[in-house]
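Start counting the sequence shown at 837; every next residue gets the next number (my numbering).
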Amino acid sequence: IVVFDITYAVSSAFPIATSLVANSWVLGDFMCYARAYLGHLTFPTGMYLVALLTTSKMLFLKYPTRISNWTPKRAHLICCFLSFITLPSLILHLIIDSRDIKFDYRVYDCDFMHTSKVWIKLRPALTIFSLFVPNIIIISTTIPTLMYLAAARKSATRP
Numbered sequence: 837i838v839v840f841d842i843t844y845a846v847s848s849a850f851p852i853a854t855s856l857v858a859n860s861w862v863l864g865d866f867m868c869y870a871r872a873y874l875g876h877l878t879f880p881t882g883m884y885l886v887a888l889l890t891t892s893k894m895l896f897l898k899y900p901t902r903i904s905n906w907t908p909k910r911a912h913l914i915c916c917f918l919s920f921i922t923l924p925s926l927i928l929h930l931i932i933d934s935r936d937i938k939f940d941y942r943v944y945d946c947d948f949m950h951t952s953k954v955w956i957k958l959r960p961a962l963t964i965f966s967l968f969v970p971n972i973i974i975i976s977t978t979i980p981t982l983m984y985l986a987a988a989r990k991s992a993t994r995p
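Now the structure itself:
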């Protein structure tokens with residue numbers, strides 16, 4: 837999660853602060869494109885990683901012996917890596933028109949202007965895959981985890 841947070845901070849806070857001070861985009865075209873792509877990549881990746889962590893926490897609490905025997909030692913690293921490279925946003929970025937990325941003086945940021953016709957089809961898909969799906973996974977695994985912990989707390993004997 838730290839890698840995604842640092843990537844988001846470097847690709848978001850630093851360029852915006854620099855362009856605000858300079859009153860224009862001074863970081864070049866490459867950084868403009870990198871800012872637009874990384875901004876749309878790191879947020880859903882971080883959300884899916886949190887969803888993966890809450891799901892694994894629930895499984896480890898409910899089925900500790902089965903999960904510990906089932907998962908190899910580096911399974912979490914493999915899952916983190918796979919969540920980074922298999923997100924739908926990676927595939928969607930390949931079909932987005934790069935001429936749609938511009939510097940916007942209203943927010944002092946380089947981002948997609950959403951003027952291309954491809955956004956009509958991509959906006960609902962991006963919203964579903966990057967916002968709704970991970971939040972549903974997080975909520976649907978956090979509630980059973982909290983219920984399990986509350987029941988375990990009640991059944992624990994204290995001296």
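Even for Gly, the Cβ is constructed at its ideal location relative to N, Cα and C.
First through last residue of the alpha helix (DSSP H) which encompasses residue i
i	result
Ala961	954 to 963
Val839	838 to 858
Leu897	864 to 898
Ser976	969 to 991
CB-CB length for residue i against residue j, believed under 8 Å
i	j	result
Thr891	Ile973	7 Å
Gly875	Phe840	Not really, about 12 Å apart at Cβ, beyond 8 Å.
Tyr844	Phe879	7 Å
Met894	Thr981	4 Å
Leu945	Ile842	One point to set straight first is that residue 945 is Asp, not Leu, in the sequence displayed. Not really, about 18 Å apart at Cβ, beyond 8 Å.
Nearest-angstrom Cα separation, counted from residue j out to residue i
i	j	result
Val1004	Ile956	Nothing can be reported for residue 1004: it is not among the residues displayed for the chain, which extend from 837 to 995.
Ala987	Ser966	33 Å
Asp947	Tyr873	8 Å
Arg989	Val886	25 Å
Ser785	Thr977	The structure shown has nothing for residue 785, since the chain only spans 837 to 995.
Ser848	Ser860	15 Å
Val857	Met983	49 Å
Leu877	Arg871	10 Å
Val862	Asn971	36 Å
Ala961	Leu985	35 Å
Ile979	Lys953	40 Å
Val846	Asp940	18 Å
Thr854	Asn905	50 Å
Phe850	Val838	17 Å
Tyr884	Arg959	18 Å
Quiz item: How do the segment 866 to 884 and the segment 892 to 904 stand: do at least 3 beta-carbon pairs fall below 8 Å, yes or no?
Solution: no
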